[in-house]
Every structure is written in C-alpha cells, then in structure tokens.
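Worksheet: one structure, shown below.
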Amino acid sequence: MNFNLTQIPDRIKKPRNSGITMVMDKGLSIPEAQNMMSVGHPHIDIVKLGFGTSFVTPNLREKIEVYKSYDIPVYFGGTLFEAFLIRNQFNDYISVCKEYDISYMEVSDGSINIPHAEKCGYIEKLAKHGTVLSEVGSKDAAHIIPPYKWIELMSAELKAGSSYVIAEAREAGNVGIYRGSGEVREGLVQEILTQIPGEKILWEAPQKAQQLYFIELLGCNVNLGNIAPTEVIPLETMRIGLRGDTFNLFLNGNGQH
Amino acid sequence: MNFNLTQIPDRIKKPRNSGITMVMDKGLSIPEAQNMMSVGHPHIDIVKLGFGTSFVTPNLREKIEVYKSYDIPVYFGGTLFEAFLIRNQFNDYISVCKEYDISYMEVSDGSINIPHAEKCGYIEKLAKHGTVLSEVGSKDAAHIIPPYKWIELMSAELKAGSSYVIAEAREAGNVGIYRGSGEVREGLVQEILTQIPGEKILWEAPQKAQQLYFIELLGCNVNLGNIAPTEVIPLETMRIGLRGDTFNLFLNGNGQH
Amino acid sequence: MNFNLTQIPDRIKKPRNSGITMVMDKGLSIPEAQNMMSVGHPHIDIVKLGFGTSFVTPNLREKIEVYKSYDIPVYFGGTLFEAFLIRNQFNDYISVCKEYDISYMEVSDGSINIPHAEKCGYIEKLAKHGTVLSEVGSKDAAHIIPPYKWIELMSAELKAGSSYVIAEAREAGNVGIYRGSGEVREGLVQEILTQIPGEKILWEAPQKAQQLYFIELLGCNVNLGNIAPTEVIPLETMRIGLRGDTFNLFLNGNGQH
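Protein chains in written order, with our numbering: chain Z, 1418 to 1674; chain X, 1418 to 1674; chain S, 1418 to 1674.
And the structure:
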C-alpha cells in the first residue's frame, strides 16, 4: 500500500481462498483487460467472462492469456455452461474449456431446470477437470427458493465437489439473494450463514450497497463477485475502511472479524 | 463465433440493412475508440457522435479515421444538426460534413420546432449528399405525440428520402417511445409497426430492458441504437440467446422471426 | 472548438478560477488517465483521487505525473485526509502530500466530527503548504445541517484560507446538498448563494440532472465537481448549449450570466 496508515484491517494475501474479489468481464478488449490488471492485479482473484459474452468476443484466446500472465484464473459465465447443456453439448463444453486452457468452471441452473442430483453429477464430473464453482438461485425473479432449500442445495453442491457456492444476483444485482430493488434479503443471508461456512460462499454483489452490506456483516475478507472492472479499486478501498461508508468500521477494534 | 453451438439464431452478416447496432460515442479518445472497435468490429454497424460532443472533442478527424478504417459510417448527433439550423447555418452544416468526410446525416427536431414540410425539405436536400437518418419524437417529456402522428411523420420522412427513421429515446432512454421511467410505450410501438416496416426503424434503446423488449418483439435482427460502447458485446450476446434474459427465446423454434 | 457556430456562450479559458470541472479518478490505470486527458485536457481543471483510492492504487506516482504533464493539479479525496486525522497522523498527511508533490489539499469532516475551530485550524496550516479546498456537508444522510449553518461554516472556512468550499454530494450525489433521491435541495442552494460568492463554491454534481440544475442557475462557468471521466465531454457540451437539455439556454441572449 502506498502510505503508512495505522488500523487498516488485514486483508489476506494472494493467492487466497477467502477475501476474494471476482470481476465480471463482459467483453473487454485486450488493452482494456491489460489496463484493468495493471491497477487491479493486487486485488483481483478471479475473472468471469460474463454469461455468453465469450462466444462473440474476438481475440478471446489472447485475452485469457493476459489474465494468465497475472496468474488470474478465468471462467466462463454459468449461462454459457447452461447453453451447452440444454443443447446436449456437455462434452463439447469440456472440450472448449480444455481448448482455451480454462480450469475453473461454473455449474449453474439459473435459466434451466435440472433435477438437483443431475446438477451435482455435473459438479462431480467437472471437478475431475478443474476447480468448480456452482451457483444457487434462479435468474427468474418470480422463482423464490425458501432459505432451508438454499442451505440444502449449497450443502449438496459443496459435497459434490464445488470449491465455492455462488449466491446468484445476476449482473444487475436484482434477483436471487436480492429483491427486485437490489435490497439484500437479509433473513435469507443470515439463515444461510447458520449452516454454510461464509468462506465457501461467493456473494455476487454488483451494487455498492450490496458490497457494503456484506463487508459490514462478514468483514473485509468476505468473498464478493460480479464486480465491474471500474469498481475494483473502490471496492478494495471500501474493504479496508477508506471510503466514507466503512470509515468507522475498523477503527478502535470495531467490526473485527 | 468462438465455439460451435447449435440453435443460435442467424444474425444477418455485415454490411447489413437490418439487424443494425448503432453505438453512441459521447467523447471517446482515439485509443478508446480503437479498443471498442477491436472487439466490436463484427457487431457494430454505425457510430453516432452523440449530441454536440463532436464540437468539443479534440482529435475529431483522427477518430473518424479510426471508424473509417473499420468501414463504419459515422454521423453527428441530431442535436448538432439542430444547433446549426437554429443559427441559420444549414449550409455550414453541409460544409462541415464534407470537411470531415461524413456521409451519414441525422435530421431531427427534438429540441426545435419546425414545420414538418420544412423538415422533409432538409431530408430531401441532405439525401443528395449522403445517407439520411431522421428522428421522430421530442426530447421534451411533456410533448406527447399520438401514435397516428408518429406514423404520419415517419411515412413522410421515409418518402422524403430517409434511409431509416429513428425512434427518439435520448441518451438516457426516458422520452419519446419510453415513459419517464424508461418503460416502453408498448401500444405506441405496436401501432407504429402496423404501418411502418420494422426494418426501416432504428429504435434507440440504451437500457437493457428496452433492448430486451425489442428483441422479444422483433427478433435478433432488430435495429437498435444509442448503445453504450461497453454494452456492444452484452447486447450481441442477448440478441442470440446467450444471456439469461433471452436464454429460451430461440430454442426449439421459439421466437423465430 | 472544431466548427464555427454562433451564439456559443463564452467559457473562461484555462487556467481559470471559475468555470472549473473537477474530475473524480477512482482508480484509473496509467493508460486510462492518459486517454482521459487526451480528450479532456481542454476541459478538465482539477483531478481528485477519490476517497482513499490512492492508498491501494499501484503506479500512483506515475499517474500523478501524467496529470502534471497536462498542468492539472491533483488532490487526495477528503476521506483520506480524515483517515490520517482520526489516526493522529496529520503530520504524516503533510509528508505524504510533499512526497507525492501534491500541492492541492482537501480538508473535510464528512465522516468524522471535529470542532469547527479545529477544522479551520487545519485549513490555516495546510494553506501554508498549498491550495486548500474545504468541504462542507456530512456524508451521513441523517445529519441535516440547516442553511444558516452551511453559510457560517463556508464563510469561516474561506476566511481561514480555503480557496474553494466544496458542497458535499458523495460520489453518488445523494447526500449534502441533495436529497437521498439525488434531487437538489434548491432552497438550501439558493440561500447559500445569498451570502457566499458562487465562484468560491465547487458544487459536487455527479448526476446529469444536478449538473443541469447548476448550469441553469449559475451559467456555463459554474464550478462542478465529482464528474466521472466518461462525462467530461458530455458536461462540456451541456455547458455550452449543445445538448438537448440546455439547447435553448444560451440562444438569443437567454440565460446570460
């Protein structure tokens, strides 16, 4: 860090399993990816190529190389996994990941309905090829999953081999663990945390108020995802109490986690 | 496209008259324009230099050259046309277009009142110098145009020589064919489409929900405009069903247009 | 300017004391800062490194050099000043400014409570080291300061040595002189202006409607701050009447200030 300031909370150092910032790249050019990494490299842990954007983005291979040069794992958005699956092209999906040297894979069912045992089967299979993140929560705002069910699903997916379970929010942050307004379903989040270890959950939190909620609840080393490229530095600043919203959180032993 | 996926709807290939993506550049630097084109070149059809931004943007000529190198036509936002017109500098406008080698021109009356016959006269005159796009709809939220009038205006402007009529939305997407909230005036849109061929209309649709509405209504090859540079890839992904919102739209013969 | 257009209001030329555009950089990379300056250099007057972002941004010194090469003064966001202060590291703050060759400094109390005489003391001290901007208004939405108090605070701070007083809005534009919705507290603004010269106030106005309000109230040479990098050119265009919102403002002697 650039200056000497006391009472800055300890961020776990990279490579880390907790305190993760996952960025959503929804079509950056090569120079834009390089620009992001040139300031973001100490703070970014994983990059997701959002939904199916990797299908239509030129220079995909070169961009993945940029991230690899910073030791940043990259994965395809869950919507792409689902697009292969619904077309009966699951094996093609594995081939594409190999072809692009992608070792992180998301298993999700945000847009399709599959029996949960089958979903866990995909997690098991892909866990043999690399690191699996699996997502819980529908992209359909009308499809409400009760808290006990979130817990059941997350437990089963971790058992099946997921390294993290992702709490769905969509790019906009208005479904899954959030209401249509973007407000956190606090009761849901807190009930999940009674059963699932916080460090195994990656909370999609594209909106600032959402990031703030989780930092206040779980501390500076909470796992946050779907962060926009321009918000990497502001988020890191908020994590350590140097943004107005969290200014007092870590002072004098406040909010230690 | 990067992978092999079945059931992807057919996008018309560039150069195309339908299925157009028009981007609004509101002051990009040369490298930013190059970055956008390096990933956007297969998907972008036209670039608009938004409202009067071209007046205050340094290196304008060089930026137009960047777009030309990708065979992308560029035009000045309608507000600039109106700014010349209200100052009795219509001939200067033609000179400026020639000076910058601009052959697409927008004729609009979003901020000024001119008799419609006079507006059509400008369309006729400019159509001798290049391709004309003319815009219908006021930027003044309080000025409501009834549907039959939209149809009359659009018909007359196409007859006068417009290659496309643009349905006004402003950069924010909150006037014209939208309510102040950004919601589509669906009745208006559907009534317009009973009389004006969809492929002659360029719908300004800066918001994602607006883009989604038109893709659902008119298919993947609808003409959409006022797209932000960072939304080119996400929009293309949504057009072909690889974003959650349109995931099911093109599967099993759904939504074929 | 690129074309010849009559009836364009006179913007004061740089370097200027009035008509200032202050940009908030919240973590740009070196190439992004260069891109912004390559189009923004005729329009940008001051760059603020927002809140504590400078603490976690790599290549900070090189970025400050980029701005210096365009003769643009840079300062650290007030939250960083407050972070040093609450840790009893005020002298370290002065050292850091010297170390980075920063001669503009913000004194604020948006996140901490300090007696106003003490705040004015800091202004006096820092004014010996460079140019001071001091900010009035809390970042706490629940903490309402009545208009007469805004005037008292601003007067005292200007007397203590501030070159400008900044009217707080936060990055989002939803506190201080704005309601939670972003709407301007018009009565407050107008009462402030009965006592404090407009040219000594830098209005934080990140939202377009806020920028419009101040341009309509105070003319094209109003001081505006917390402008996003991508909004520099659109703001300049709005200032001179080449955006729909201000199209008629400067025509035929309208709105001369």
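We put the beta carbon where it would ideally sit given N, CA and C, even for glycine.
> Can a CB atom of chain Z be found closer than 7 Å to the CB of Gln1673(X)?
Replying inline: For Gln1673(X), the pLDDT reaches just 45, beneath the cut-off of 50, and the residue's location in the model is therefore unreliable, although a value from the coordinates is still provided. Using a CB distance cut-off of 7 Å, Gln1673(X) does not count as an interface residue toward chain Z.
> Mind listing which residues of the stretch 1478-1511 of chain S have their C-beta closer than 8 Å to chain Z's C-betas, in chain order?
Replying inline: Those would be Thr1496, Leu1497, Glu1499, Ala1500, Phe1501, Ile1503, Arg1504, Gln1506 and Asp1509, in chain order.
> Would Asp1662(S) be called buried (16 or more neighbouring beta carbons within 10 Å of its own) or exposed?
Replying inline: Buried.
>> Buried or exposed for His1687(Z), going by 16 or more other Cβ atoms inside 10 Å?
In response: In this structure chain Z extends from 1418 to 1674, so residue 1687(Z) is not present and cannot be described.
> Would Lys1617(X) count as contacting chain S if we go by Cβ distances under 7 Å?
Replying inline: Not one chain S Cβ lies under 7 Å of Lys1617(X).
>> Below 8 Å on the Cβ atoms is my contact criterion, and I expect Leu1659(Z) with Gly1642(Z) to pass it. Report the Cβ-Cβ distance as a whole number of Å.
In response: Rounded, the Cβ-Cβ distance is 22 Å, inconsistent with contact.
> Would you say Val1473(X) faces chain S, with C-beta separation under 7 Å as the test?
Replying inline: Yes, its Cβ sits closer than 7 Å to a Cβ of chain S.
> Straight-line CA distance for His1674(S) to Gln1628(S)?
Replying inline: At His1674(S) the pLDDT is 45, less than 50, meaning the model places this residue with poor confidence; the figure from the coordinates comes in the next sentence. Between His1674(S) and Gln1628(S), the C-alpha separation is close to 16 Å.
> Mind pulling the chain S residues with CB within less than 9 Å of Lys1556(X)?
Replying inline: Those within 9 Å of Lys1556(X) in chain S are Gly1661, Asp1662 and Phe1664.
> Looking at Glu1499(X) and Ser1528(X), is the spacing between their C-beta atoms short of 7 Å?
Replying inline: Yes. Within cutoff.
>> Please state the DSSP three-state secondary structure of Asn1452(Z).
In response: Helix at Asn1452(Z).
>> I believe Glu1574(S) touches Cys1537(S) by the beta-carbon criterion, under 8 Å. Please report the beta-carbon distance rounded to the nearest angstrom.
In response: So it is a contact: roughly 6 Å between Cβ atoms.
> Within 10 angstroms of its Cβ, does Pro1532(X) collect 16 or more other Cβ (buried), or is it exposed?
Replying inline: Pro1532(X) comes out exposed.
> Near His1546(S), what residues of its chain come up, given a Cβ to Cβ distance below 8 Å and the 5 sequence neighbours on each side ignored?
Replying inline: Here the set comprises Ile1511, Cys1514, Lys1515, Ser1520 and Met1522.
>> If the cut-off is 8 Å on Cβ atoms, which residues from the stretch 1621-1654 of chain X count as contacting chain Z, listed in chain order?
In response: Along the stretch 1621-1654 of chain X, going in chain order, the ones with a CB nearer than 8 Å to a CB of chain Z are Lys1625, Thr1647, Val1649, Ile1650, Pro1651, Glu1653 and Thr1654.
>> For Arg1656(X), count the other beta carbons within 10 Å of its own beta carbon; 16 or more makes it buried, fewer makes it exposed. Which is it?
In response: Here Arg1656(X) is buried: its Cβ has 16 or more other Cβ atoms, across all protein chains shown, within 10 Å.
>> Residues in the same chain with beta-carbon distance under 6 Å from Tyr1630(X), minus the five sequence neighbours each way, listed in chain order, please.
In response: Residues of the same chain with a CB within less than 6 Å of the CB of Tyr1630(X), apart from the 5 flanking positions on each side, are Val1601 in chain order.
> Secondary structure at Glu1479(X), three-state DSSP: helix, strand or coil?
Replying inline: In the three-state reduction of the DSSP assignment, Glu1479(X) falls in the helix class, which pools H, G and I.
> So, is the C-beta of Val1456(X) closer than 7 Å to a C-beta in chain Z?
Replying inline: Cβ-Cβ to chain Z under 7 Å: yes for Val1456(X).
> Looking at chain S, which residues of the stretch 1520-1532 of chain X have a Cβ within less than 7 Å of any of its Cβ atoms?
Replying inline: Contact residues of the stretch 1520-1532 of chain X toward chain S are Gly1527 and Ser1528 (C-beta to C-beta distance below 7 Å).
> Taking buried to mean at least 16 other C-beta atoms within 10 Å of its own C-beta, is Gly1593(X) buried or exposed?
Replying inline: The residue in question, Gly1593(X), is buried, as its Cβ has 16 or more Cβ neighbours within 10 Å.
> From Ile1370(S) to Ser1551(S), what distance separates their C-alpha atoms?
Replying inline: Residue coverage of chain S in this structure runs from 1418 to 1674, which leaves residue 1370(S) outside it and unanswerable.
>> Tell me which residues of the stretch 1442-1470 of chain X have at least one Cβ-Cβ distance to chain S shorter than 8 Å, keeping chain order.
In response: So the close ones are Lys1443, Gly1444, Leu1445, Ser1446, Ile1447, Pro1448, Glu1449, Gly1467, Phe1468, Gly1469 and Thr1470.
> By DSSP, does Gly1642(X) sit in helix, in strand, or in coil?
Replying inline: Here Gly1642(X) sits in strand by DSSP.
>> For the stretch 1581-1596 of chain Z, list every residue whose C-beta sits within 7 Å of some C-beta in chain X, in sequence order.
In response: Listed by position along the chain: Arg1587.
> Mind pulling the chain X residues with CB within less than 7 Å of Val1513(Z)?
Replying inline: Going along chain X in sequence order, the residues near Val1513(Z) (Cβ under 7 Å) are Phe1420.
> Under 7 Å between C-beta atoms, does Thr1438(Z) make it to chain S?
Replying inline: Taking Cβ atoms only, chain S never reaches closer than 7 Å to Thr1438(Z), which makes this a no.
> Per DSSP, Ala1573(Z) forms a beta bridge with which residues?
Replying inline: For Ala1573(Z), DSSP records no beta bridge to any residue.
> Roughly how many angstroms lie between the CA atoms of Gly1672(X) and Pro1614(X), to the nearest whole one?
Replying inline: With a pLDDT of only 47 at Gly1672(X), under 50, the local geometry of the prediction cannot be trusted, and the value read off the model is given with reservation. The straight-line gap from Cα to Cα measures roughly 19 Å.
> Residues bridged to Trp1620(S) by DSSP?
Replying inline: Ala1584(S) and Leu1641(S), per the DSSP bridge assignment.
> Considering only C-alpha positions, which residue in the set Tyr1492(S), Arg1504(S) and Asn1505(S) is nearest to Asp1518(S)?
Replying inline: Each of Tyr1492(S), Arg1504(S) and Asn1505(S) was checked against the Cα of Asp1518(S), and the nearest Cα belongs to Tyr1492(S).
>> In whole angstroms, give me the CA-to-CA distance for Val1582(Z) and Val1553(Z).
In response: Their backbone Cα atoms lie some 7 Å apart in a straight line.
> Which ranges does the alpha helix (DSSP H) cover as unbroken runs of at least 4 residues, wholly within the stretch 1506-1530 of chain Z, from first to last along the chain?
Replying inline: Here the runs fully enclosed are 1507-1516.
> Can you name the residues of chain A whose CB is closer than 8 Å to the CB of Asn1476(Z)?
Replying inline: Reference to chain A is not applicable here, since the protein chains of this structure are Z, X and S.
> In or out: Tyr1565(X) buried (at least 16 other Cβ within 10 Å) or exposed?
Replying inline: Exposed, by the Cβ-count rule.
> Is it true that the CB of Asn1452(Z) sits closer than 7 Å to the CB of Glu1648(S)?
Replying inline: For Glu1648(S) and Asn1452(Z), no; Cβs fall outside 7 Å.
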